[in-house]
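S.K.:
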Ligand code: HEM
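Residue numbers (the working numbering): 833 to 1274.
Spelled out as structure tokens, the structure:
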């Protein structure tokens, strides 16, 4: 759409912006960091300060459309300057309302408290032990073959099994769950906006298994994670319905699978194209953590999240009426030149890089962020242990300088569809330099 000579990119239907969304985001931001889009009825926030302010402001902005995004119509006609009551009355009619991401205030924090039982330091340490073993096995297999298609053979199974372990899914059921999840559509399809927006289809496929675990553990408590989840209570002492716990468990897979797998792919691509960086990280594993933070900023796997204005307010200079849909461009904010010096350049030593918005900010900040950070760090640590080099397959991706790479057709998820890498085995197993923040697996 042309407005005053500006050709507005369409992030929601246009495949051409998938390869490089950053140029299009820069074009929108240079018009305004808070822009009422002409081609769709929503406001797009691409400025870092403005995006942070919206994420932190639960009073004026509701998360009810966080998962489904701006394309689904509201289930009511907004009335007045405060639609909090309307949102509450119609909450169940919003697409994606079954995920706890879509709740606000006390309803959200009560559900988040249930999940936080899974993310205790001791549980994360046990989970990290599992990650090491799994990563060793997957990387060793890939190196033995001389390479692999990293997204499907390594990244996706790795992250799915890690979440299954976190939840305590019995070993014999993990493959079945992994196969179902691998076939699930990504949210935010540019071809079919409804695909992947609701968890209902996934719940139909794996919900029965989780319901059975929870019913069983309530009747026969054991010393395991599923028992912890099954017997968890809301902060007010009430017991959640089985269905509620099932949706929480499924949402963990939905929220943590593709996001982490795509971050692994985006980071592996950067490493494959930068052999000197591989050498630096291999020689000093403590650099893997800052490397990943800069990758999260530069190529984070969640490009956007969404809010609905529930009270009339302002973002920056723009008046926002109650009922306005807001698209928060995390990818745009994380390359905002007002916040980041030389934002399109990878810098291993970027100051305060952890302030990026790749995991969101505020009450809904990614609860899985310690797990995501650990799993990707552990995987690359094991990669540097077993491989002395990773390059892109020229046969699959073309020669350096004119690579052929495909990105998922999703306006939400930033990630490669496939990544073929060639791996050179490590010649000698010298004792690796250990990362300073690595959790002991002894
Ligand atoms: C690189 C990997 C990941 C990225 C980039 C990512 C990104 C995000 C973002 C941006 C949000 C905030 C959404 C909002 O404010 O509307 C979020 C929320 C969430 N994430 Fe992640 N995530 C990742 C991995 C994970 C993992 C591994 C898990 C769990 C195993 C997970 C579970 C969740 C949950 C449960 C929420 C909702 C939190 C709430 O509403 O309170 N994520 N994630």
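In this text, a Cβ means the ideal position worked out from N, Cα and C, and glycines have one as well.
In angstroms, rounded to a whole number, what distance separates the CA positions of residue 1218 and residue 989?
M.R.: Stepping through the chain shown from its first residue, residue 1218 is reached at position 386. Stepping through the chain shown from its first residue, residue 989 is reached at position 157. Their Cα atoms are separated by approximately 19 Å.
S.K.: Helix, strand or coil for residue 1152? Go by DSSP, reduced to three states.
M.R.: Position 320 of the chain shown, counted from the start, is the residue given in the question as residue 1152. Residue 1152: strand per DSSP, three-state reduction.
S.K.: Would you check whether ligand 1 has a heavy atom nearer than 7 Å to the C-beta of residue 1133?
M.R.: Within the chain shown, the letter at position 301 stands for residue 1133. Yes, the beta carbon of residue 1133 sits closer than 7 Å to at least one heavy atom of ligand 1.
S.K.: Anyone know if the C-beta pair for residue 1157 and residue 865 falls short of 8 Å?
M.R.: By one-based count along the chain shown, residue 1157 stands at place 325. By one-based count along the chain shown, residue 865 stands at place 33. No, they are not a contact pair.
S.K.: Would you kindly report the start and end of the unbroken beta strand (DSSP E) that includes residue 1161?
M.R.: One-based indexing of the chain shown puts residue 1161 at position 329. Run containing residue 1161: 1157 to 1161, per the beta strand (DSSP E) assignment.
S.K.: Can you give me the C-alpha to C-alpha distance between residue 1163 and residue 851, rounded to a whole angstrom?
M.R.: As a working note, residue 1163 is residue 331 in the chain shown. As a working note, residue 851 is residue 19 in the chain shown. Residue 1163 and residue 851: Cα-Cα distance of roughly 13 Å.
S.K.: To the nearest angstrom, how far is the alpha carbon of residue 1232 from that of residue 1165?
M.R.: Walking along the chain shown from the start, residue 1232 turns up at place 400. Walking along the chain shown from the start, residue 1165 turns up at place 333. Distance between the alpha carbons of residue 1232 and residue 1165: 29 Å.
S.K.: Between the C-alpha atoms of residue 899 and residue 1127, what's the straight-line distance to the nearest angstrom?
M.R.: Here residue 899 corresponds to residue number 67 of the chain shown, with the count starting at 1. Here residue 1127 corresponds to residue number 295 of the chain shown, with the count starting at 1. Using only the alpha carbons, I get a separation of about 23 Å.
S.K.: Should residue 963 and residue 994 be called a contact, given that it needs their Cβ atoms to be closer than 8 Å?
M.R.: Translated into positions along the chain shown, residue 963 becomes position 131. Translated into positions along the chain shown, residue 994 becomes position 162. Cβ atoms of residue 963 and residue 994: closer than 8 Å.
S.K.: Got a sec: does ligand 1 put a non-hydrogen atom nearer than 7 Å to the Cβ of residue 995?
M.R.: The sequence position of residue 995 within the chain shown is 163, counting from 1. Yes, since a heavy atom of ligand 1 falls inside the 7 Å radius drawn around the Cβ of residue 995.
S.K.: Would residue 1084 pass as a contact of residue 1062 if the rule is Cβ separation under 8 Å?
M.R.: As a working mapping, residue 1084 is identified with position 252 in the chain shown. As a working mapping, residue 1062 is identified with position 230 in the chain shown. No, they are not a contact pair.
S.K.: Check whether the stretch 1130 to 1142 and the stretch 877 to 896 touch, using three or more Cβ-Cβ pairs below 8 Å as the test.
M.R.: Yes: the two stretches touch, three or more of their Cβ pairs being nearer than 8 Å.
S.K.: Would you identify the three-state DSSP class for residue 1265, choosing helix, strand or coil?
M.R.: Position 433 of the chain shown, counting from 1, holds the residue named residue 1265. In this prediction, residue 1265 scores a pLDDT of 44, lower than 50, which makes its location untrustworthy; no coordinate-derived value is stated.
S.K.: Taking 7 Å as the cut-off, is the C-beta of residue 940 nearer than that to any heavy atom in ligand 1?
M.R.: Position 108 of the chain shown, counted from the start, is the residue given in the question as residue 940. Residue 940: yes, Cβ under 7 Å from ligand 1.
S.K.: So residue 1171 and residue 880 are in contact, right, with Cβ under 8 Å, and what is the actual spacing, rounded?
M.R.: Within the chain shown, numbered from 1, the residue matching residue 1171 stands at position 339. Within the chain shown, numbered from 1, the residue matching residue 880 stands at position 48. Their Cβ separation, rounded to whole angstroms, is 4 Å, which keeps residue 1171 and residue 880 in contact under 8 Å.
S.K.: Pick from 1259, 1252, 1257: whose alpha carbon is nearest that of residue 987?
M.R.: Locating residue 987 in the chain shown gives position 155, counting from the first residue. Looking at the Cα atoms, 1252 is the closest of the given residues.
S.K.: What did DSSP end up calling residue 1138 once you bin it into helix, strand or coil?
M.R.: Position 306 of the chain shown, counting from 1, holds the residue named residue 1138. It is a strand residue.
S.K.: Can you tell me where the beta strand (DSSP E) with residue 979 in it begins and where it stops?
M.R.: Residue 979 sits at position 147 when you count from the first residue of the chain shown. Its beta strand (DSSP E) spans residues 979 to 981.
S.K.: Decide if residue 1278 is buried, meaning its Cβ has at least 16 other Cβ atoms within 10 Å, or exposed.
M.R.: The first residue shown for the chain is 833 and the last is 1274, placing residue 1278 beyond what the model contains.
S.K.: Among all the DSSP beta bridges, which residues are the ones paired with residue 1107?
M.R.: Your numbering for residue 1107 matches position 275 in the chain shown. Residue 1107 is not bridged to any residue.
S.K.: Closer than 7 Å to a non-hydrogen atom of ligand 1 - does that hold for the CB of residue 1137?
M.R.: Counting from one through the chain shown, the residue named residue 1137 turns up at place 305. Yes, Cβ of residue 1137 sits closer than 7 Å to a heavy atom of ligand 1.
S.K.: Quick check: the Cα distance between residue 1160 and residue 1051, rounded to an integer number of angstroms?
M.R.: Taking the first residue of the chain shown as 1, we reach residue 1160 at position 328. Taking the first residue of the chain shown as 1, we reach residue 1051 at position 219. If you take the alpha carbons of residue 1160 and residue 1051, they lie about 44 Å apart.
S.K.: Check for me: the beta strand (DSSP E) holding residue 866 runs from which residue to which?
M.R.: Residue 866 sits at position 34 when you count from the first residue of the chain shown. Residue 866 -> beta strand (DSSP E) spans 866 to 868.
S.K.: Starting from residue 853, trace the alpha helix (DSSP H) both ways and give me its first and last residue.
M.R.: Stepping through the chain shown from its first residue, residue 853 is reached at position 21. Residue 853 -> alpha helix (DSSP H) spans 853 to 863.
S.K.: Are any of the Cβ atoms in chain C nearer than 8 Å to that of residue 1257?
M.R.: The structure shown has no chain C; it contains just one protein chain.
S.K.: Return the CA-CA distance between residue 1117 and residue 1038, expressed in angstroms with no decimal places.
M.R.: The count along the chain shown starts at 1 and reaches residue 1117 at position 285. The count along the chain shown starts at 1 and reaches residue 1038 at position 206. About 38 Å.
S.K.: Please classify residue 1091: is it buried, with 16 or more other beta-carbons within 10 angstroms of its beta-carbon, or exposed?
M.R.: One-based indexing of the chain shown puts residue 1091 at position 259. It is buried - the Cβ of residue 1091 has at least 16 other Cβ atoms within 10 Å.
S.K.: Compute the Euclidean distance between the alpha carbons of residue 1081 and residue 1049, then round it to the nearest angstrom.
M.R.: In the chain shown, counting from the first residue as 1, residue 1081 sits at position 249. In the chain shown, counting from the first residue as 1, residue 1049 sits at position 217. If you take the alpha carbons of residue 1081 and residue 1049, they lie about 15 Å apart.
S.K.: Roughly how many angstroms separate the alpha carbons of residue 1204 and residue 1101, rounded to a whole number?
M.R.: Stepping through the chain shown from its first residue, residue 1204 is reached at position 372. Stepping through the chain shown from its first residue, residue 1101 is reached at position 269. The straight-line gap from Cα to Cα measures roughly 18 Å.
S.K.: Between the C-alpha atoms of residue 889 and residue 982, what's the straight-line distance to the nearest angstrom?
M.R.: Counting from one through the chain shown, the residue named residue 889 turns up at place 57. Counting from one through the chain shown, the residue named residue 982 turns up at place 150. Using only the alpha carbons, I get a separation of about 39 Å.
S.K.: To the nearest angstrom, how far is it from the Cα of residue 1119 to the Cα of residue 1113?
M.R.: Locating residue 1119 in the chain shown gives position 287, counting from the first residue. Locating residue 1113 in the chain shown gives position 281, counting from the first residue. Roughly 6 Å between the two C-alpha positions.
S.K.: Return yes when at least one heavy atom of ligand 1 lies under 7 Å from the C-beta of residue 1196, else no.
M.R.: Counting from 1 along the chain shown, the entry for residue 1196 is found at position 364. True, at least one ligand heavy atom lies under 7 Å from that Cβ.
S.K.: Under 8 Å between the Cβ atoms of residue 871 and residue 840?
M.R.: On the chain shown, position 39 is the one that residue 871 refers to. On the chain shown, position 8 is the one that residue 840 refers to. A contact, by the Cβ cut-off of 8 Å.
S.K.: With residue 1033 as the anchor, note down where its alpha helix (DSSP H) starts and where it stops.
M.R.: Taking the first residue of the chain shown as 1, we reach residue 1033 at position 201. 1032 to 1051 is the span of the alpha helix (DSSP H), which, as asked, contains residue 1033.
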